[in-house]
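Reviewing the structure listed below.
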Amino acid sequence: MIYGFIIDLAIRLRNKNKEAEDRIIDLCEKEHCHCKESLIKSALKHTISIFIYIFILTLIVNTIVYLIGEENLSNFMSESKLFEPVISSLIGLIPNCASSVIITELYLSGIISFGSLIAGLLVNSGTRNTYAI
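Per our numbering, the very first residue in the sequence shown carries number 4; after that it's consecutive.
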């Protein structure tokens, strides 16, 4: 088993640059951004598409929170202790810092448990890395 890990590590190190370059080429072909022609144009295109995605998602979440109300959300969280970590994790999937603030405020107010706080914040920390793929 140890030799298997050593061989796997050696192969990964040898192919590291090739795999990274292949992933970038695949991303550029899928997004039709023509990275080889203009790096600035490509970066601007990716930035705008991510901005639009985050803006629309934030608008939807803020509208839902506004319509439901923060008090109703906190009452629902305090009543459903069994599903509290799941709900906190779903809130953590929102890709901006507002979800972290909401989860932290719910914890500081004593509405959710420490486990639910950790579940929501851990899920939230993972959402930022999905944009690099």
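Beta carbons: idealized from backbone N, C-alpha and C, even for Gly. All values reported here derive from a predicted model rather than from experimental measurement.
### Query
Among the residues of its own chain, which have a CB less than 7 Å from the CB of T133, if the five just before and after it don't count?
Low local confidence applies: a pLDDT of 44 at T133 is under 50, so the model's placement there is unreliable, with the coordinate-based value given in what follows. For T133, where only same-chain residues beyond five positions count, there are no Cβ hits under 7 Å.
### Message
Please report the distance separating the alpha-carbon of P88 from that of I57.
### Response
24 Å
### Task
Can you tell me which of V64, I55, L109 and I105 puts its alpha carbon nearest to the alpha carbon of S81?
L109
#### Entry: Cβ shell of S102 (< 8 Å), same chain only, five flanking positions each side left out
V64, I94, G95, L96, G123 and N127
### Query
Is DSSP giving N99 helix, strand or coil here?
coil
#### Entry: 9 Å Cβ cutoff met for S112 and S77
yes
### Check whether V68 and I105 have beta carbons under 9 Å apart
yes
### Query
Any idea what DSSP makes of F8, helix, strand or coil?
helix
### Task
Assuming P98 contacts L60 (C-beta within less than 8 Å), just tell me the rounded distance between them.
7 Å
### Secondary structure of I90, DSSP reduced to three states
helix
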